[in-house]
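Asks: Heads up: take any position in the sequence shown, counting from 1, add 134, and you land on the numbering used here. Every residue, glycine too, gets a C-beta built ideally from N, C-alpha and C. Shown below is the structure under consideration.
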Amino acid sequence: MRKWLSMASLAMLLPLTATPVAEAAGPGRDAGHSAGQSTVQSAGRWGPGTCAGKTLLFCEDFQNLPIGGAASLAWGVDTKHGALTVERVPGGRAGQKALRVRTEGNGRAFLKVDDFAPPGNGFYGRVRLRVKAFPVAPDWAHYTLIEATGAGPEVVRPLGGQYVPVVGGGTALWGVGADGGPTGDWTNWRETAPSRAGVWQCVEWRMDATDNRISTWFDGVPRPELSASTHEHGGNDVDFVFPRFDTVKLGWQLYQPNPSPGSYEVWLDDIALSTQRLGCSG
Numbered sequence: 135m136r137k138w139l140s141m142a143s144l145a146m147l148l149p150l151t152a153t154p155v156a157e158a159a160g161p162g163r164d165a166g167h168s169a170g171q172s173t174v175q176s177a178g179r180w181g182p183g184t185c186a187g188k189t190l191l192f193c194e195d196f197q198n199l200p201i202g203g204a205a206s207l208a209w210g211v212d213t214k215h216g217a218l219t220v221e222r223v224p225g226g227r228a229g230q231k232a233l234r235v236r237t238e239g240n241g242r243a244f245l246k247v248d249d250f251a252p253p254g255n256g257f258y259g260r261v262r263l264r265v266k267a268f269p270v271a272p273d274w275a276h277y278t279l280i281e282a283t284g285a286g287p288e289v290v291r292p293l294g295g296q297y298v299p300v301v302g303g304g305t306a307l308w309g310v311g312a313d314g315g316p317t318g319d320w321t322n323w324r325e326t327a328p329s330r331a332g333v334w335q336c337v338e339w340r341m342d343a344t345d346n347r348i349s350t351w352f353d354g355v356p357r358p359e360l361s362a363s364t365h366e367h368g369g370n371d372v373d374f375v376f377p378r379f380d381t382v383k384l385g386w387q388l389y390q391p392n393p394s395p396g397s398y399e400v401w402l403d404d405i406a407l408s409t410q411r412l413g414c415s416g
């Protein structure tokens, strides 16, 4: 059974400060794309070929994949009551393909990056995403879009959220979270970070192993309230410690049965994992 923090405990959680962007050292593992630069850029521009000309730990822009059931030698899938397909992006972006994620009820559907070995156990990630709708029932319905696991008990979720009935008459809020380890099962949701449905957003995150710190950016803007670190997190009063990462999953999972709406649709594009922050323009 999932456990939720009491309102008293939640009230004591202060906004966390994200660390400044730092260039992480170490060799990259190219995922079938040519070498080149990877620098921080402004948010906004995106299109076909965003994986070309970069040395990255992993990159997938779906442009070289056929329309239909999603499959690649570069990554795997993890689904239950869900499906992944490569489709043309709706809305007039000529030629652009993306990953369409669909689930029923409390199902799951993830693109899974296996055999992942970031230098120093730290990395940056980026994904462009659009969620058609977030849950409005049951109370405290909990969802995950990005999850990182490995050798160690903590299941780390740099992007997820909950439907919180006590905020604004009921609001879906983004939150960093974890499960399965000493810190327990938690989603550190924030009232200042509502989950926005029906819009494309560029989400970046950093996993900094020096302080087990998660930092996030939305459309190039830092979101210090969506953070966690060794001593500042939303779980039990013990240290939060990263596992030795070897897998990153991106997609959708909802944990409670009989949610409303009863099905979910998420679009993902321009997925990249790197030793440096990439930004949102390339």
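#1: Please look up how many angstroms separate the CB atoms of Arg-324 and Gly-314, rounded, as I've assumed it's under 8 Å.
#2: According to the neighbour-count rule (16 or more other Cβ atoms, all chains shown, within 10 Å of its Cβ), is Asp-403 buried or exposed?
#3: Give the DSSP-derived three-state secondary structure of Asn-322 in the structure shown.
#4: The ligand MN heavy atoms versus the CB of Cys-185: any closer than 7 Å?
#5: Excluding sequence positions up to five away, which residues of its chain have a Cβ less than 7 Å from the Cβ of Pro-391?
#6: Ala-362 and Phe-374: beta carbons closer than 8 Å?
#7: Thinking just about the alpha-carbon of each residue, which of Arg-357, Val-235 and Pro-358 is nearest to the one in Leu-263?
#8: Can you tell me which of Thr-184, Gly-318, Asp-249 and Val-400 puts its alpha carbon nearest to the alpha carbon of Gln-285?
#9: Between Thr-278, His-215, Val-265 and Phe-196, which has its C-alpha nearest Trp-320's C-alpha?
#10: Would you mind stating whether Arg-340 and Ala-312 have Cβ atoms separated by less than 8 Å?
#11: On the three-state DSSP scale, how would you describe Thr-173?
#12: Label Thr-213 either buried or exposed according to how many other C-beta atoms from any shown protein chain fall within 10 Å of its C-beta, with 16 as the threshold for buried.
#13: Taking just the CA atoms, how far does Val-382 sit from Gly-429?
#14: Which residues share a DSSP beta bridge with His-276?
#15: According to the Cβ coordinates, are Arg-233 and Val-220 closer than 8 Å?
#16: DSSP three-state call for Pro-253: helix, strand or coil?
#17: Out of Asn-322, Asp-273, Ser-394 and Ala-217, point me to the one whose CA is closest to Val-300's CA.
Replies: Well, looking at it:
#1: Between Gly-314 and Arg-324 the Cβ distance is about 22 Å, and since that is not below 8 Å, they are no contact.
#2: buried
#3: strand
#4: With respect to the ligand MN, the structure shown offers nothing to examine, as it has no ligands at all.
#5: Gly-239 and Asn-240
#6: yes
#7: Val-235
#8: The question names Gln, yet the displayed sequence has Ala at residue 285. Selected option, being the one with the closest Cα: Asp-249.
#9: Thr-278
#10: no
#11: With a pLDDT of only 30 at Thr-173, under the threshold of 50, the placement of this residue in the model should not be trusted; the figure read from the coordinates follows. Thr-173: coil per DSSP, three-state reduction.
#12: buried
#13: The structure shown does not extend to residue 429, since the chain spans only 135 to 416, so no value can be given for it.
#14: Gln-296
#15: The question names Arg, but residue 233 in the sequence shown is Leu. Taking 8 Å as the Cβ cut-off, Leu-233 and Val-220 qualify as a contacting pair.
#16: helix
#17: Asp-273
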